């Protein structure tokens, strides 16, 4: 029997197995259903999906073997069955020289007398383990039962492939989400840097003005007044143009005549926002800025209201 078993590169086989990321994962209905079907087809009380790791066999699904998640590899029938070219059947383990001294055969508590395993072969040709059925009495499968076991083995591998593909898609999606977050953060950073200052023309020269210093902007015909802490700059422009120049996350249009910096709003009373102008004493520091009815709801939605 051993002479008919295939030889494999164990390091490559283990690498393929671990790429499925299935060892030590919780039970999954798809695999549980397949072992139930295998037990029903073979008429046995026990059925397993067994994956052969370096030093153990681990059960992804089981029926009739409850409470046992794995065994040492040297006791595993499946470590031989997975290397078979076809369904591996042992009609009476007590008469088989390979298994008659196996603890699962000699132990009166388990007393395995029958074993059949269909190898789980990946598309790359690597054996991962088996779907198997066991009984405490000798038996022999029919041709139809063996064919059913072959089909079940292919189904197990198909589910493993689908599961691996899903995990890979999820990992790729996580990578894509991370790249998008990095891109958005970079774009936002560039946006903030580009809008952290504006240049205004004053008496035939250009002045650099930090947007963080601006308290509010007031429209005045064809001109606008830009108020900082203690200065006022009058420039030829429109409110619409100013809105495109100032960082939208920091400023809000509250009236057709006013744009205010959000973090300079001290309070809102009736239809006016009290803005910290940074000028004079504390009593004279607040400037009421009218809030237009059409702008009020948008302004309130941007405030962290409690």
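Numbering (the UniProt record's numbering), first residue to last: 1 to 306. Here a beta-carbon is modelled for each residue, glycine too, at the ideal position from N, C-alpha and C. Since this is a predicted model, take the numbers as computed values, not measurements.
*Report the three-state DSSP secondary structure of residue 103 (helix, strand or coil).*
In the chain shown, the residue the question calls residue 103 occupies position 103. Residue 103: helix per DSSP, three-state reduction.
*Is the beta carbon of residue 213 sitting closer than 8 Å to the one on residue 234?*
Taking the chain shown and counting its residues from 1, the one referred to as residue 213 is at position 213. Taking the chain shown and counting its residues from 1, the one referred to as residue 234 is at position 234. For residue 213 and residue 234, no; Cβs fall outside 8 Å.
*Select from 208, 58, 138, 39 the residue whose C-alpha is nearest the C-alpha of residue 96.*
In the chain shown, residue 96 corresponds to position 96, counting from 1. Among 208, 58, 138, 39, the Cα nearest to that of residue 96 is on 138.
*Roughly how far, in whole angstroms, is the beta-carbon of residue 133 from the beta-carbon of residue 54, given that I think they are within contact range, below 8 Å?*
Taking the chain shown and counting its residues from 1, one reaches residue 133 at position 133. Taking the chain shown and counting its residues from 1, one reaches residue 54 at position 54. Contact doesn't hold; Cβ gap of about 25 Å is too wide.
*What first and last residue would you give for the alpha helix (DSSP H) that runs through residue 296?*
The residue given as residue 296 occupies position 296 in the chain shown. 293 to 302 is the span of the alpha helix (DSSP H), which, as asked, contains residue 296.
*Which class does residue 20 belong to by DSSP, given the choice of helix, strand or coil?*
Mapped onto the chain shown, residue 20 falls at position 20. DSSP places residue 20 in coil when its eight states are reduced to three.
_Excluding the 5 residues flanking residue 20 on each side, which residues of the same chain have their C-beta closer than 8 Å to its C-beta?_
If you number the chain shown from 1, residue 20 lands on position 20. Excluding sequence neighbours, residue 20 sits near 128, 160, 163, 164.
_Tell me the rounded alpha-carbon separation between residue 221 and residue 293._
For the purposes of this step, residue 221 is taken as residue 221 along the chain shown, with counting starting at 1. For the purposes of this step, residue 293 is taken as residue 293 along the chain shown, with counting starting at 1. Residue 221 and residue 293: Cα-Cα distance of roughly 21 Å.
*Have a look at 271, 51, 245, 6 and flag the residue whose alpha-carbon is nearest the alpha-carbon of residue 153.*
Walking along the chain shown from the start, residue 153 turns up at place 153. For residue 153, the nearest C-alpha among the options comes from 51.
*Are the stretch 28 to 38 and the stretch 142 to 152 in contact at 8 Å, needing three or more beta carbon pairs?*
yes
*With which residues is residue 127 paired in a DSSP beta bridge?*
As a position in the chain shown, residue 127 is number 127, starting the count at 1. Bridge partners of residue 127: 121.
*Please check the pair residue 85 and residue 6, which I expect to be a contact at CB under 8 Å, by giving their CB distance rounded to whole angstroms.*
Position 85 of the chain shown, counted from the first residue, corresponds to residue 85. Position 6 of the chain shown, counted from the first residue, corresponds to residue 6. Their Cβ separation, rounded to whole angstroms, is 7 Å, which keeps residue 85 and residue 6 in contact under 8 Å.
*Name the two residues that bound the continuous beta strand (DSSP E) containing residue 276.*
Stepping through the chain shown from its first residue, residue 276 is reached at position 276. Note, residue 276: beta strand (DSSP E), 272 to 276.
*Given residue 271, which residues of its chain have a CB within under 6 Å of its CB, disregarding the five upstream and five downstream residues?*
Taking the chain shown and counting its residues from 1, one reaches residue 271 at position 271. Excluding positions up to five away in sequence, the list reads 291.
*Just the C-alpha distance for residue 248 and residue 181, rounded to the nearest angstrom, thanks.*
Within the chain shown, residue 248 is the residue found at index 248, counting from 1. Within the chain shown, residue 181 is the residue found at index 181, counting from 1. Going by the C-alpha atoms only, they are around 20 Å apart.
*Tell me whether residue 90 is buried or exposed, calling it buried when 16 or more other Cβ atoms sit within 10 Å of its Cβ.*
In the chain shown, counting from the first residue as 1, residue 90 sits at position 90. By the 10 Å Cβ count, residue 90 comes out buried.
*Expressed to the nearest angstrom, what Euclidean distance is found between the alpha-carbon atoms of residue 307 and residue 176?*
Given a span of 1 to 306 for the chain in the structure shown, any question on residue 307 remains unanswerable.
*asked:* Could you tell me the alpha carbon to alpha carbon distance between residue 18 and residue 46, rounded to whole angstroms?
replied: For this step, residue 18 is matched to residue 18 along the chain shown. For this step, residue 46 is matched to residue 46 along the chain shown. Cα-Cα distance, rounded: 26 Å.
_Checking 8 Å against the spacing of the C-beta atoms, do residue 237 and residue 254 come in under that value?_
Mapped onto the chain shown, residue 237 falls at position 237. Mapped onto the chain shown, residue 254 falls at position 254. Going by C-beta atoms, residue 237 is not nearer than 8 Å to residue 254.
_Completely contained alpha helix (DSSP H) runs for the stretch 172 to 250, where each covers 4 or more residues_ = 239 to 245
*In its own chain, which residues sit with a C-beta less than 6 Å from the C-beta of residue 76, not counting the 5 before and 5 after it?*
Counting from one through the chain shown, the residue named residue 76 turns up at place 76. Result list for residue 76: 57, in chain order.
_Alpha carbons only, please: which of 15, 74, 211, 73 is nearest the one belonging to residue 264?_
As a first step, residue 264 must be located in the chain shown, where it is residue number 264. When each option's Cα is compared against that of residue 264, the closest is 211.
*Using the rule of at least 16 other Cβ atoms within 10 Å of the residue's Cβ for burial, across every protein chain shown, is residue 114 buried or exposed?*
Within the chain shown, residue 114 is the residue found at index 114, counting from 1. Residue 114 should be labelled buried.
*Use the C-beta contact count for residue 304: other C-beta atoms within 10 angstroms, 16 or more gives buried, fewer gives exposed.*
Within the chain shown, numbered from 1, the residue matching residue 304 stands at position 304. By the 10 Å Cβ count, residue 304 comes out exposed.
*asked:* Counting C-beta neighbours from all protein chains within 10 Å, is the total for residue 169 16 or more, i.e. buried, or is it exposed?
replied: Against the chain shown, residue 169 aligns to sequence position 169. Classification of residue 169: exposed, given that the 10 Å Cβ count is below 16.
*Below 6 Å CB to CB, which residues in the same chain sit around residue 117 once its five sequence neighbours on both sides are set aside?*
For the purposes of this step, residue 117 is taken as the residue at position 117 of the chain shown. 78, 81, 88, 130, 132, listed in sequence order.
*Does the distance from the C-beta atom of residue 108 to that of residue 100 stay below 8 Å?*
Within the chain shown, residue 108 is the residue found at index 108, counting from 1. Within the chain shown, residue 100 is the residue found at index 100, counting from 1. Not a contact, by the Cβ cut-off of 8 Å.
_Reduced DSSP category for residue 90 - H, G, I as helix; E, B as strand; rest coil_ = Taking the first residue of the chain shown as position 1, residue 90 is located at position 90. Strand, per DSSP.
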